[in-house]
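Data block below; observations after.
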Amino acid sequence: MKLDMDMIDRKKNHELYEEWENFVFKGIKPSNQIRDFIAESWARSVENHVNPQHNDPIYISEEEFERKRKESDAFIRSAVPYMENLYDSFKGSGCTVIVADKSCCVLEVIGDKEDLEKIEVHNKKALCKEVYIGTNGIGTTIYLDRPIQILGAEHFALENHPLSCSAAPVHDREGNLIGCLSISCVLADANPHILSMVTAAAGAIERQMIIESELAEKQDLIIQREKAFQSISEGIIILDKNMKIISINEKALKLMELDMGKNYIHKDVREYLLEDMNLEKLIHSKKDTIDQEQRLRLHSGNILNCILSISIIWNEENIKGFIIILKEMEKVHELVNKMLRSTAYYSFEDITFQSQVMKEAIHIGKIAADSSSNVLIVGESGTGKELMAHSIHSASKRKNKPFIAINCGAIPSGLIESELFGYEGGAFTGSKKEGNPGKFELANGGTIFLDEIGDMPLEVQASLLRVLQTKEVYRIGGRNPKKIDVRIIAATHRNLENMVSENSFRLDLYYRINVLNIYIPPLRERKEDIEILIEAFIKEFNKKLNKKIKGLDENTKKLLNAYDWVGNVRELSNVFERAINICEEDYIQDKDLPDKILCNVKVEKYNYDQVIENNEKEFIITILKKNNGNIKKSAQKLGFSRSKMYRKLKSLNIDWENYRK
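In case it helps, the numbering used here puts the sequence shown at residues 1008 to 1668.
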C-alpha cells in the first residue's frame, strides 16, 4: 500500500528525502550527506529500473520456498531463538525480525500481525534483492556482505521511507555467506544500538551453527564408529580394568550365545566367558596375546573353539582396560584356505576324451559327486587322477567348501602325521608355539584329496583309519578332539590289493576308502583320445606361448599314435608344449618331436612309386625342406642312392642348396 506522506516525520527525514527526490526524479547526484554505500545502491537501483514509488517484490512458489527452507534448516533452527529474544526487546513498537537466505528470500518472520500486513516485503517467500525493490536492509546487506543500517528515505522505494532497517550477514563455518538477520522498525525508534544488537545476534547465530555442526559431525562419527564396530566380522569385547564389559559387538554376542536384546554393559565378562585355558591369567599377564587358539567354556556349557587375541589398554604405566578379539575357528580356516588357494580348479567339462572307457570312468565320477561316500581313484601316473578328483568335488554339494590336496608320497614319513592332523604348541622341537591346524581341520566341510595314498606309512594309516571312523581329529600333543566333516577322495598308481596281501597297506583302511572305485585307463588303452587331446593342447599352448600353430602333418600323427606314452596324458602335454615352443612352421613335424619318440617308433619309408604320378618335383622339394637340404637324409627317406638323388635333382632342375640351413 502507498503510505501517506503526512505519517512521515519530515523534520527527521526531510534532508534525506530531498536528496532521494532529486536523485530519483531529477537525476541530481547525491551530496556528501548521503553515505557512499547508499548512493552506490541508489545508482544500482536506477540501473535495474526499480520502481521508486512502490515495493514490487517477487514471490517464489511454495515448492521453491520449501526447498530453500530445507537447505537453510540448520540456519533457521539456530536463528529462531535469537530472533525471539530480539523481538522481546522491541515488542509492541512495530518491530519485525526477519531471517533471509543469501538469495534474499524471507524465510522466517517474527512480528506483530498488523505490522506485518503493512509492509509487503516482510512476508515469507518475498525476494528482497536490490534488483527488485532497490536499496533495503536485507538486499543491500547481502550485496555488500557487511552489517548496515538504512534509515527512512535512504531506502529506494518510497513505501519503505517510514522504516529503519538494521541487518547483519551470517556466515557458515568456512566463512561463506548463507543469509542475514534483519530488524525493521519505525524510523522514530531507530538508534545505532539496534545495529549493534543485530550484529551481535548474527555472530551468536554463526557460533551456534558451528557448535551444532561440530556436534552433528561428532554424532555422525559416533554412529559410523558404532556401525563399523557392529559390522566387524570378529567378536570384540572392550573391558575396563576389572574385566567389566564397556562395549560388546553383535558378533561377540553371537559367538558367546548371548541374547541380542539384553544389555551387558558393566557386567563381568567372567559371567559369560569362562576359561578352560586360564583366560584371567592371560588378561593379567600384562602382555598382549595375539591369535592363540583357545577352547572357551561358555555360560551355556558349550565349548567355543576360537582364535583369541587380548590387547591391553594402558594409561601411562597403569592398565586401563582390555580388548578381547574372538575369531571363529572355521572363518580363520576359510581365510587360510583362500590364501592357500585351496579350491578345485577343474570340472568334468575340462576332461577331454572320446573313448568309451573314459566315458565309463566319468559316469562313475558323476555318481561319486552326488554321493557322500569315500572314493578311490586308480590309474597310472599322468592319467588324470587329480583332474578327476577336482571334478568330483566341483560337482558335489561341497563345491563351495575347501578342496585340499596332499601328496602322501611327497612328504617325509616323519612329518606326514603333523601335516594331516596338525599339532599343539610345543608338541615337538621346532614346532610353532601357537600350534598349527592340519589339513583335515582346514578341509572341514569340504574334500581332502589324498594322492598316492599307497605311499602312506602304516602307522599313519592307523591314525587315518581312526579319523574316518570317529570323524574326530587329535592334534599331535593334543588332548581334546576336534569334530570334522570331511569327504575323502584317495588316489594311487599302486595295486593296493597286492599291498594288503604283502601287509604294507591296512585291509580295514582299504575297505574304508574303496567304496566307489574309479579306474582311469592309460593312454595306450584309449588311443582314440590322442588326437582330440592333441587338438586341445595345441589350442592351449598356442594361447599360452602366443603361437599360431595350425596342427601337425600326417607323418607326425603316425609317429604319435604309434608311441606307447608311458607318461600318459602328462607326457603328451609335455611333448606338445615343447613342440609348439620350437616349431617354426605352420604345422608340427617329426623334427619338432623329442628323440625318444623318433627312436622308439619304426617309421615306414615313403613309397616313392605311389606319389611319382602326382607331383614329383614338389614332393622332392618337401622332403628337402624337412631335412634342411641334407642330401643323404633326403635320399634315405625317398629310398634313393645318393647318385640317384643327384640325378633326380638335376633332371627336375632343383637347386638343393636353396633348402640348406
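Cβ atoms here follow ideal geometry from the backbone N, Cα and C, with glycine treated the same way. Remember, it's a predicted structure, so these values are computed and weren't measured experimentally.
Quick check: the Cα distance between residue i and residue j, rounded to an integer number of angstroms?
i, j, result
"T1206", "I1212", "10 Å"
"M1284", "L1311", "With a pLDDT of 45 at M1284, under the threshold of 50, the modelled position of that residue is not reliable, and no figure is offered here."
"I1455", "N1634", "52 Å"
"V1522", "G1646", "58 Å"
"R1076", "F1097", "26 Å"
"L1530", "V1573", "8 Å"
"R1494", "A1412", "12 Å"
"S1379", "F1512", "24 Å"
"Y1352", "N1487", "34 Å"
"Q1040", "L1151", "20 Å"
"H1061", "D1227", "49 Å"
"E1561", "A1376", "40 Å"
"K1668", "G1636", "7 Å"
"I1655", "K1644", "Checking the displayed sequence, the identity of residue 1655 turns out to be Lys instead of Ile. Approximately 14 Å, taken between the alpha carbons."
"P1464", "Q1363", "36 Å"
"R1554", "F1548", "Residue identity check: residue 1554 is Lys in the sequence provided, not Arg. Approximately 8 Å between the Cα atoms of the pair."
"V1480", "A1469", "13 Å"
"G1558", "E1584", "13 Å"
"N1660", "E1538", "39 Å"
"D1266", "M1250", "20 Å"
"S1650", "T1629", "19 Å"
"S1079", "K1248", "47 Å"
"P1064", "V1053", "16 Å"
"W1663", "K1640", "13 Å"
"V1610", "N1414", "Reliability fails at V1610, whose pLDDT of 43 lies under 50, so the model's placement of it is uncertain and the value that follows must be treated cautiously. Spanning the two alpha carbons is a distance of roughly 40 Å."
"E1535", "F1428", "43 Å"
"H1178", "E1219", "14 Å"
"S1173", "G1186", "14 Å"
"E1091", "A1197", "19 Å"
"L1457", "K1564", "36 Å"
"D1616", "I1627", "Caution is warranted here: a pLDDT of 47 is assigned to D1616, below 50, making its placement in the model unreliable, and the coordinate value is therefore given only provisionally. C-alpha separation (whole angstroms): 12 Å."
Name the one or two DSSP bridge partners that residue i has.
i, result
"G1416", "According to DSSP, which records beta bridges pairwise, G1416 is partnered with nothing at all."
"E1300", "I1314"
"F1410", "T1454"
"I1245", "S1254 and I1330"
"E1479", "K1490"
"A1497", "L1383 and L1457"
"E1335", "C1313"
"L1503", "Looking at the DSSP assignment, L1503 forms no beta bridge with any residue, so it has no partner."
"N1524", "L1383"
"G1558", "Y1594"
"D1275", "K1251"
"Y1066", "A1133"
"L1280", "L1305"
"W1321", "I1326"
Do you know whose CA, among the options, lies nearest residue i's CA?
i, options, result
"A1543", "T1359, G1429 and V1382", "T1359"
"N1058", "R1405, E1335 and E1137", "E1137"
"Y1430", "C1415, F1447 and G1416", "F1447"
"I1067", "N1130, I1418 and H1061", "N1130"
"I1491", "G1485, F1512, G1452 and E1459", "G1452"
"N1588", "N1562, T1563 and K1551", "K1551"
"A1086", "P1176, E1022 and N1029", "P1176"
"S1100", "R1084, W1321, V1193 and S1038", "V1193"
"E1241", "N1575, N1322 and M1336", "M1336"
"A1046", "C1102, S1171, H1162 and D1095", "H1162"
"M1395", "K1408, K1036 and I1369", "I1369"
"N1670", "E1424, R1482 and G1461", "Lying outside 1008 to 1668, the shown extent of the chain, residue 1670 is not represented and no answer is given."
"I1483", "V1467, Q1476, T1477 and N1183", "V1467"
"I1545", "L1170, V1507 and C1590", "C1590"
"N1581", "I1604, D1593, E1592 and A1569", "I1604"
"D1599", "S1641, K1640, V1576 and I1556", "I1556"
"D1602", "D1593, E1592, A1586 and Y1594", "A1586"
"D1223", "N1575, A1081 and E1625", "According to the sequence provided, residue 1223 is Ala. The question's Asp does not apply to it. Taking only the C-alpha atoms, the option nearest A1223 is A1081."
"I1374", "Q1361, G1391, T1390 and F1355", "F1355"
"K1392", "I1255, P1154 and I1527", "I1527"
"P1679", "A1209, L1158, S1191 and G1141", "Because the chain in this structure spans residues 1008 to 1668, residue 1679 falls outside the shown range and cannot be described."
"N1143", "G1118, P1419, A1402 and P1169", "P1169"
"F1032", "I1140, A1164 and V1106", "A1164"
#### Entry: At least three beta-carbon pairs within less than 8 Å, the stretch 1062–1077 to the stretch 1100–1115
yes
Inset, instruction - Output the residue ranges of the beta strand (DSSP E) runs that lie fully inside the stretch 1079–1125 and measure 3 residues or longer, sorted by chain position. - result: 1103–1108 and 1113–1118
Three or more beta-carbon pairs under 8 Å between the stretch 1378–1393 and the stretch 1494–1503, yes or no?
yes
Quiz item: For the stretch 1264–1274 against the stretch 1294–1302, are there 3 or more C-beta pairs whose distance is under 8 Å?
Solution: no
Please give the ranges of any beta strand (DSSP E) in the stretch 1426–1475, keeping only runs that are unbroken, at least 3 residues long and fully inside the region. 1454–1458
Original post:
Taking the runs of the beta strand (DSSP E) that are 3 residues or longer, which of them lie wholly in the stretch 1124–1197?
Top reply: 1155–1158, 1170–1178 and 1184–1193
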